[in-house]
């Protein structure tokens, strides 16, 4: 059943040593959506630079992440393990830059530090920098800690409930001007553990998919997906059977990439029937 809802973008910020923690925050956000989105008329949209940012030239990468991620987000979750992160032109690390920008804009920032045992190959300079930052930022608010991923997931849910209750969200109203079928397509990817090499180090693979949402107020019938170009390395994991995507519904379309793929040739074509009329639209997803 279709329903109207407020949409909150939740940015997940952290240095490179907290991949599993980033994954659990995103999982907690999706879990909250599944349990509460319709009843509370609120949908949470996770934003991670590695999956959500748009490649573009013209400025320092951190500035682009700030403008695409922080500026358009409503809440920031920031995580630290044993690293402070790489320095930027304006801050001691990219994650710190994102935290400071969000604070300046008056956005809620939930900051968590891991208390798990430190890795044996720890960079002591990074650790010293992290401890100095924690001591400084601790005078500016309440900090969170987590010793394992289950605890972090619980903390994220608690923070989400706090935000939804305190952000004074307006009652969402359906925009009747946006009638008919309207599609949005969001590329997603997730790194998964594949196996271990002979030295016991983990090796990973990346899973790709598209989240295709009918944001209109009419069901899309006879929907089919296909690459718009024969030059693409993008392979759609689908049998081509037409399907129906109801108004407000999101459908996941799994992808596989060949070595020859990537770039501007990765274009998805969506065909559907809207009130008996056949329509199509193309989306750049590369």
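Numbering (our numbering), first residue to last: -7 to 278.
Even for Gly, the Cβ is constructed at its ideal location relative to N, Cα and C.
Return yes when the Cβ of residue j is within less than 8 Å of the Cβ of residue i, no when it is not.
i	j	result
residue 164	residue 28	no
residue 177	residue 202	yes
residue 1	residue 58	no
residue 204	residue 233	no
residue 114	residue 103	no
residue 274	residue 220	yes
residue 143	residue 74	no
residue 67	residue 33	no
residue 70	residue 149	no
At the level of alpha carbons, what is the spacing between residue i and residue j?
i	j	result
residue 12	residue 110	15 Å
residue 252	residue 15	With a pLDDT of 44 at residue 252, under the threshold of 50, the predicted position of this residue should be treated as unreliable, and no value is reported.
residue 87	residue 121	13 Å
residue 270	residue 185	42 Å
residue 49	residue 64	19 Å
residue 54	residue 80	7 Å
residue 151	residue 3	13 Å
residue 116	residue 25	39 Å
residue 258	residue 191	36 Å
residue 197	residue 224	20 Å
residue 128	residue 134	12 Å
residue 105	residue 78	17 Å
residue 22	residue 56	26 Å
Rounded to whole angstroms, how far is the Cβ of residue i from the Cβ of residue j, which I believe are closer than 8 Å?
i	j	result
residue 208	residue 173	5 Å
residue 183	residue 189	About 16 Å; that fails the 8 Å criterion.
residue 215	residue 230	With 8 Å as the limit, residue 215 and residue 230 do not qualify as a contact, their Cβ atoms being about 10 Å apart.
residue 181	residue 199	7 Å
From this set, the options, which residue's C-alpha is nearest residue i's C-alpha?
i	options	result
residue 39	5, 197, 126 and 56	5
residue 99	62, 84 and 128	62
residue 108	86, 138, 79 and 122	138
residue 36	54, 223, 153 and 181	153
residue 226	236, 211 and 260	260
residue 248	267, 277 and 269	277
residue 266	228, 175, 245 and 191	175
residue 218	105, 101 and 264	264
residue 17	146, 77, 179 and 161	146
Fill in: Length-filtered (4 minimum) alpha helix (DSSP H) runs lying within the stretch 45 to 81
53 to 57
Discussion item. Threshold first: 4 residues or longer. Then list the alpha helix (DSSP H) segments lying entirely within the stretch 102 to 130, N to C.
Written reply: 116 to 129
Worksheet entry | Length at least 3, wholly inside the stretch 188 to 240: the beta strand (DSSP E) runs in chain order | 194 to 206, 212 to 219, 226 to 228 and 235 to 237
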